[in-house]
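**Q** In order, the protein sequence lines correspond to chains A and B. Heads up: the first sequence runs through residues 10 to 450, numbered per this note's numbering. Heads up: the second sequence runs through residues 10 to 450, numbered per this note's numbering. Dumping the structure here so I can ask a few things about it.
Number of protein chains: 2
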Amino acid sequence: MNIEIINIGDELLIGQVVNTNASWMGEQLSLAGFKVQQFTIIGDTREQILDALWKAGERSEVVLISGGIGPTKDDITKTTLCDFFGTRLVFDEEAYKDVESMFARRGYQVTELNRQQAYLPEDCTSIPNKLGTARGMWFEKSFPSRIPHPVSGTQDAEARMQEPGYSKLRQVIYVSMPGVPFEMKSMMEEYIIHELKTRFHPKSIYHKTILTQGIGESFLAAIIEEWENNLPPAIRLAYLPQPGIVRLRLTGTGDNDASIRSLVEEEVEKLYSLIPEYIFGADDDKLEAIIGRMLKEKGCSLGTAESCTGGYIAHLVTSIPGSSSYFKGSIIAYDNEVKELMLGIMPETFEEFGAVSEEVVTEMAIGAQSHLNVDYVIAVSGIAGPDGGTPEKPVGTTWIAIATPDEVFAKQFLFGDSRDRNIRRAALQALNMLRKNLAGQ
Amino acid sequence: MNIEIINIGDELLIGQVVNTNASWMGEQLSLAGFKVQQFTIIGDTREQILDALWKAGERSEVVLISGGIGPTKDDITKTTLCDFFGTRLVFDEEAYKDVESMFARRGYQVTELNRQQAYLPEDCTSIPNKLGTARGMWFEKSFPSRIPHPVSGTQDAEARMQEPGYSKLRQVIYVSMPGVPFEMKSMMEEYIIHELKTRFHPKSIYHKTILTQGIGESFLAAIIEEWENNLPPAIRLAYLPQPGIVRLRLTGTGDNDASIRSLVEEEVEKLYSLIPEYIFGADDDKLEAIIGRMLKEKGCSLGTAESCTGGYIAHLVTSIPGSSSYFKGSIIAYDNEVKELMLGIMPETFEEFGAVSEEVVTEMAIGAQSHLNVDYVIAVSGIAGPDGGTPEKPVGTTWIAIATPDEVFAKQFLFGDSRDRNIRRAALQALNMLRKNLAGQ
């Protein structure tokens, strides 16, 4: 069974909006065990909508449409859908009551524009929209079976039409949804994916994403090569690299939920024993949230002393709601004078070792620990670039120190030559050094 | 003249990668004055590629393809292109020399896989790739003229084929590019867009984006309504809102480069005189880069004292290369104890006014100015949420102070209830307050 996605909206074609709806829908459908055949993105004209509906139905059994409906856009898409399915718009009391009560909750009167939204195609099942006023519409249509695809030399469409099987009819499902991301997502999650699963019984599918830090994709691939080669055929592996992090996604497919789940978890366990030092979490975990939980459990506080990361570590830590219960503050010492004034580092230490050195980063960590009165400190000093590198200390050279109630330790890294990526990699590396220490690794 | 875009890649369909290529291409082509008709995203199978090539050629005069070529993906796409265009792969000496010299520069031997990339379709113009090994391919093909679009009731494809004009031939251009974003972008910018402009002479087009801060989209729209209604018909206006910033894009279209440019600039000037307090820059300007330039010119230094923004302002400021020449450091005082220890705020001030108050944020700014020994300070104290709000000071309440060599001033804001957006809006608002002061506004 093939699924296609049609996104309607001029704003997508002129690049004003990046089409995150398509990738989200593709991901959710894949995760549910369906195969997505094609995305088609078109403007909101009758001609383009009809062309896309027709061609998608020739190729696929399910066509999911987002966009082109809503208070100011309703006209073209809904009337075009009616023409395509040979039906007409009728006033839907239930849909109107929904709009009315949504407006009442917000203290507004229903406008004429919104009243129009209660007109729905007679010949469809409408899908409630908990978060907006445009309902979803579920259509089913008999369709000639797939036209054989043209190949070079037989591009004569007339010849294609004569091929056997063309006139057989089959059912195609079309579902139209609003383009507003959170409205579309809620309809997909609460109704459409469930309904498609009930109809088509895709295979059981189970995903687990393992998050690694501190090792590049190709080095990681070399270490786990044997494990990867011995994965059972029911499990596929995908490498999903981001700056500073490589995610490994295992996808198991089978006939039984419980057995495919345990098959994947077995392989995850092997992976944990193979590269324990690089794995920091799974699925949606974030390093800054993990260390937050660990600090809370210990009842300990955290501060940072940052030079080249310029406050990015503090920003990540404080992006987590509730971080004020363990994060007390930071000293961003970009200039050496600030390192002296606020962290008590001696001018001689700079002269002897340079600002990017084990000695300075260690003193930064100790200085922040006492000045901020915290249990743990992350300290970073490095050369983010593009300027400031030397033959001995090229751009990307970075020292990271962690101060704990018991000790201070530091490590040197050589990242790349992109300023943005160096800042990001240093921050993730530093957070992971603290995580390992908190975990007793 | 219509353009279509085809993106090839399974990773796009399963949502592993968001399709930023399509939106970038759509934007660049629109900016160059072309109309993009459709994006089609497909997996890398022969059947899907043929189907997409065929159908795009029926609708459009130019078809731009990205993805499906490169060292490990070459086979299917290139042989399928050869079949579609009725040609064959031949070894291209010039292409091979390019690959060889690129490898020599990096100190590698050419692999067999990369040698294969020098096989190109005989019947195409190949496009050099300065940043990779996969060349672009420019094909031209005679094609039956557009099939009239199906409408309800006449979905019989055979009937469509009989309609007049079907058998007329016209030229369709197909260009195949790699899917690696920077390789595709360089080919588009250096060759393809220029070539399409030469062939099709689109109308002159001129864009200018005005950046505003400190006012919401609907309030802004109300203020500039009259100006907007009186825009000449050759100019279109688009609102592009982001958290904390609303961009206004003016697009002028005409027959003459110089006259359309001056028409747009005239309207931009009117806009400047209408809302001078909200405009901070144009096109790709960034607030953190603008204040950096201004501080450098004055030979002045900057520091921050941040509570709820948690280092995000320092991060923005230090994301600009060369910021170390004016940014000295920050005190991130998340906890009141740190505000006392590092900024010298009296416990009584908290007791009397609370941490989110004009008095505290003003003392933060003055304290940082002397402790960090800087000329200018941005200080922020607020309630980012989700917790910490009270009836008098709900989530989103934020005080921002600016200390200059001459004065300190503070202002209160009430942002929304999203933690992420509150942090971002507070940071942009604070940077803009400093910019206005530096500009003497």
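Cβ coordinates follow ideal geometry from the N, Cα and C atoms, glycine included. Please read all numbers here as calculations on a predicted model, not as lab measurements.
1) Considering only the beta carbon of each residue, do residue 152(A) and residue 94(A) sit closer than 8 Å?
2) Does the Cβ-Cβ distance between residue 355(B) and residue 342(B) come in under 8 Å?
3) Residue 460(B) touches chain A at which residues, Cβ-Cβ below 8 Å?
4) Opposite residue 419(B) in the DSSP bridges: which residues?
5) Can you give the Cα-Cα distance for residue 286(A) and residue 326(A), rounded to whole angstroms?
6) Taking the straight line between their C-alpha atoms, what separation do you get for residue 373(B) and residue 253(B)?
7) In whole angstroms, what separates the C-alpha of residue 376(A) from that of residue 437(A)?
8) Taking any Cβ of chain B, which residues in the stretch 191–218 of chain A have a Cβ under 7 Å from it, in chain order?
9) Taking 8 Å as the CB-CB cut-off, is residue 422(B) touching chain A?
10) CB-CB under 6 Å to residue 215(A), same chain, minus the five flanking residues each way: which ones, in chain order?
11) At the 8 Å Cβ level, is residue 164(A) part of the contact set with chain B, yes or no?
12) What residue ranges within the stretch 171–205 of chain B form continuous beta strand (DSSP E) runs of no fewer than 3 residues, ordered along the chain?
13) Between residue 24(B) and the rest of its own chain, which residues show a CB-CB distance below 7 Å, the 5 nearest in sequence each way excluded?
14) At a CB distance below 8 Å, what residues from the stretch 321–340 of chain B approach chain A? Give them in sequence order.
15) In the DSSP assignment, what residue or residues form a beta bridge with residue 386(B)?
16) Measuring straight from C-alpha to C-alpha, what distance separates residue 393(B) and residue 223(B)?
17) Are the CB atoms of residue 331(B) and residue 396(A) nearer to each other than 8 Å?
18) Quick one: what does DSSP say residue 351(A) is sitting in, helix, strand or coil?
19) Label residue 203(B) either buried or exposed according to how many other C-beta atoms from any shown protein chain fall within 10 Å of its C-beta, with 16 as the threshold for buried.
20) Which residue marks the beginning of the beta strand (DSSP E) containing residue 104(A), and which one marks its end?
21) Straight-line CA distance for residue 114(A) to residue 423(B)?
22) Checking 8 Å against the spacing of the C-beta atoms, do residue 385(B) and residue 309(B) come in under that value?
23) Quick check: what's the CA-CA separation for residue 109(A) versus residue 184(A)?
24) Taking all protein chains shown into account, decide if residue 231(A) is buried (16 or more other Cβ within 10 angstroms of its Cβ) or exposed.
25) Mind listing the chain A neighbours of residue 3(B)? Cutoff is C-beta to C-beta under 8 Å, in chain order.
26) Provide the residue(s) that pair with residue 152(A) in DSSP beta bridges, ordered along the chain.
27) Just the Cα atoms here: how many angstroms apart are residue 165(B) and residue 225(A)?
28) If you compare alpha carbons, which of 244(B), 429(B), 280(B) and 140(B) is closest to residue 197(B)?
29) Is the Cβ of residue 411(A) closer than 8 Å to any Cβ of chain B?
30) Tell me the rounded alpha-carbon separation between residue 57(A) and residue 89(A).
31) Give a yes or no on whether 8 Å exceeds the smallest Cβ distance from residue 159(B) to chain A.
32) Taking only beta-carbon positions, decide if residue 75(A) is within less than 8 Å of chain B.
33) Once the 5 residues before and after residue 290(A) are set aside, which same chain residues still bring their CB inside 7 Å of it?
34) For the stretch 46–65 of chain B against the stretch 43–55 of chain A, are there 3 or more C-beta pairs whose distance is under 8 Å?
35) Go through its chain and collect everything with a Cβ distance to residue 236(A)'s Cβ below 8 Å, but skip five positions before and after it.
36) How about residue 358(A) and residue 368(A): do their beta carbons lie closer than 8 Å?
**A** Once the coordinates are examined:
1) Here the question's residue 152(A) lines up with position 143 in the first sequence. Here the question's residue 94(A) lines up with position 85 in the first sequence. Cβ atoms of residue 152(A) and residue 94(A): not closer than 8 Å.
2) Numbered from 1 along the second sequence, position 346 holds the residue referred to as residue 355(B). Numbered from 1 along the second sequence, position 333 holds the residue referred to as residue 342(B). Cβ distance not < 8 Å, so residue 355(B) and residue 342(B) don't count as in contact.
3) Given that chain B is displayed from residue 10 to residue 450, the structure contains no residue 460(B) and the question cannot be resolved.
4) If you number the second sequence from 1, residue 419(B) lands on position 410. Paired residues: 410(B).
5) Translated into positions along the first sequence, residue 286(A) becomes position 277. Translated into positions along the first sequence, residue 326(A) becomes position 317. Distance between the alpha carbons of residue 286(A) and residue 326(A): 22 Å.
6) Start at 1 with the first residue of the second sequence, and residue 373(B) comes out as number 364. Start at 1 with the first residue of the second sequence, and residue 253(B) comes out as number 244. Cα to Cα, the separation comes out at about 24 Å.
7) Walking along the first sequence from the start, residue 376(A) turns up at place 367. Walking along the first sequence from the start, residue 437(A) turns up at place 428. Each residue's Cα considered, the two are about 22 Å apart.
8) none
9) Working through the second sequence from its first residue, we reach residue 422(B) at position 413. Answer no: the Cβ-Cβ gap between residue 422(B) and chain A never drops below 8 Å.
10) Position 206 of the first sequence, counting from 1, holds the residue named residue 215(A). So the list reads 261, 269, 270 and 273, once near-sequence residues are dropped.
11) By 1-based counting over the first sequence, the position of residue 164(A) is 155. Note that residue 164(A) scores 41 on pLDDT, short of 50, meaning its location in the model is unreliable and no value can be drawn from it.
12) 178–186
13) Counting from one through the second sequence, the residue named residue 24(B) turns up at place 15. So the list is empty, once near-sequence residues are dropped.
14) 321, 322, 323, 324, 326, 327, 328, 330, 331, 332, 333, 336, 337, 338, 339 and 340
15) Against the second sequence, residue 386(B) aligns to sequence position 377. Paired residue(s): 312(B) and 412(B).
16) On the second sequence, position 384 is the one that residue 393(B) refers to. On the second sequence, position 214 is the one that residue 223(B) refers to. Spanning the two alpha carbons is a distance of roughly 18 Å.
17) Locating residue 331(B) in the second sequence gives position 322, counting from the first residue. Locating residue 396(A) in the first sequence gives position 387, counting from the first residue. Contact: yes.
18) In the first sequence, residue 351(A) corresponds to position 342, counting from 1. Correct three-state label for residue 351(A): helix.
19) Reading the second sequence from its first residue, position 194 is the one you call residue 203(B). Exposed, because fewer than 16 other Cβ atoms sit within 10 Å of the Cβ of residue 203(B).
20) As a first step, residue 104(A) must be located in the first sequence, where it is residue number 95. Taken as a continuous stretch (DSSP letters only), residue 104(A) belongs to no beta strand (DSSP E), being part of the alpha helix (DSSP H) at 102–115.
21) Stepping through the first sequence from its first residue, residue 114(A) is reached at position 105. Stepping through the second sequence from its first residue, residue 423(B) is reached at position 414. So the two alpha carbons sit approximately 23 Å from each other.
22) Sequence index remark: in the second sequence, residue 385(B) carries index 376 (1-based). Sequence index remark: in the second sequence, residue 309(B) carries index 300 (1-based). Cβ distance < 8 Å, so residue 385(B) and residue 309(B) count as in contact.
23) Counting from one through the first sequence, the residue named residue 109(A) turns up at place 100. Counting from one through the first sequence, the residue named residue 184(A) turns up at place 175. One C-alpha to the other measures close to 24 Å.
24) Sequence index remark: in the first sequence, residue 231(A) carries index 222 (1-based). The residue is exposed, with fewer than 16 neighbouring Cβ atoms inside 10 Å.
25) Within the shown structure, residues of chain B are numbered from 10 to 450, placing residue 3(B) beyond reach of any answer.
26) Within the first sequence, numbered from 1, the residue matching residue 152(A) stands at position 143. According to DSSP, residue 152(A) bridges with 179(A).
27) In the second sequence, counting from the first residue as 1, residue 165(B) sits at position 156. In the first sequence, counting from the first residue as 1, residue 225(A) sits at position 216. Only weak support exists for where residue 165(B) lies, its pLDDT of 47 falling under 50; the coordinates are left without a value.
28) Numbered from 1 along the second sequence, position 188 holds the residue referred to as residue 197(B). Among 244(B), 429(B), 280(B) and 140(B), the Cα nearest to that of residue 197(B) belongs to 140(B).
29) Translated into the one-based positions of the first sequence, residue 411(A) becomes position 402. By this cut-off, residue 411(A) is not an interface position.
30) Working through the first sequence from its first residue, we reach residue 57(A) at position 48. Working through the first sequence from its first residue, we reach residue 89(A) at position 80. If you take the alpha carbons of residue 57(A) and residue 89(A), they lie about 10 Å apart.
31) Looking up residue 159(B) in the second sequence gives position 150. Low per-residue confidence applies at residue 159(B): pLDDT is 42, beneath 50, and the placement is therefore not dependable enough to give any value.
32) Here residue 75(A) is taken as the residue at index 66 of the first sequence, counted from 1. No, its Cβ sits nowhere closer than 8 Å to a Cβ of chain B.
33) Indexing the first sequence from 1 puts residue 290(A) at position 281. 220 and 299, listed in sequence order.
34) yes
35) Numbered from 1 along the first sequence, position 227 holds the residue referred to as residue 236(A). The residues are 276, 279, 280 and 283.
36) Your numbering for residue 358(A) matches position 349 in the first sequence. Your numbering for residue 368(A) matches position 359 in the first sequence. It is a contact, given that the beta carbons lie within the stated cut-off.
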